[in-house]
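A.B. asks:
Residue numbers (my numbering): 55 to 122.
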């Protein structure tokens, strides 16, 4: 079975779609490089960002996180 053209066949109808990872994978990718010393604090900070009720709160929490 030759599937050599499958990549192009998928790209044509879905070329303008932005790929987004799920939050679980985003968090896992973020925490894998964090030192054990800062792990707990980092996870709590991420929880405030991803657990925000609305976009404004998430952006505010992200800004505070960036200032640390």
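Yeah, the Cβ is synthetic: ideal placement off N, Cα and C, and Gly gets one too.
When we look at the beta-carbon of residue 100 and count the other beta-carbons within 10 Å, is it buried (16 or more) or exposed?
C.D. replies: On the chain shown, residue 100 is found 46 positions in, with the first residue counted as 1. So residue 100 counts as buried.
A.B. asks: Tell me the rounded alpha-carbon separation between residue 104 and residue 77.
C.D. replies: Within the chain shown, the letter at position 50 stands for residue 104. Within the chain shown, the letter at position 23 stands for residue 77. Taking the straight line from one Cα to the other gives about 8 Å.
A.B. asks: Specify the secondary structure class of residue 75 as computed by DSSP and reduced to three states.
C.D. replies: Numbered from 1 along the chain shown, position 21 holds the residue referred to as residue 75. It is coil, neither helix nor strand.
A.B. asks: Please name the residue, chosen from 70, 73, 96, 69, that lies closest to residue 82 on a Cα-to-Cα basis.
C.D. replies: Translated into positions along the chain shown, residue 82 becomes position 28. Answer by Cα proximity: 96.
A.B. asks: Starting from the C-beta of residue 115, find all residues in its chain whose C-beta is less than 8 Å away, skip the five residues before and the five after it, and write them out in chain order.
C.D. replies: Working through the chain shown from its first residue, we reach residue 115 at position 61. Cβ within range, chain order: 99, 102, 103, 106.
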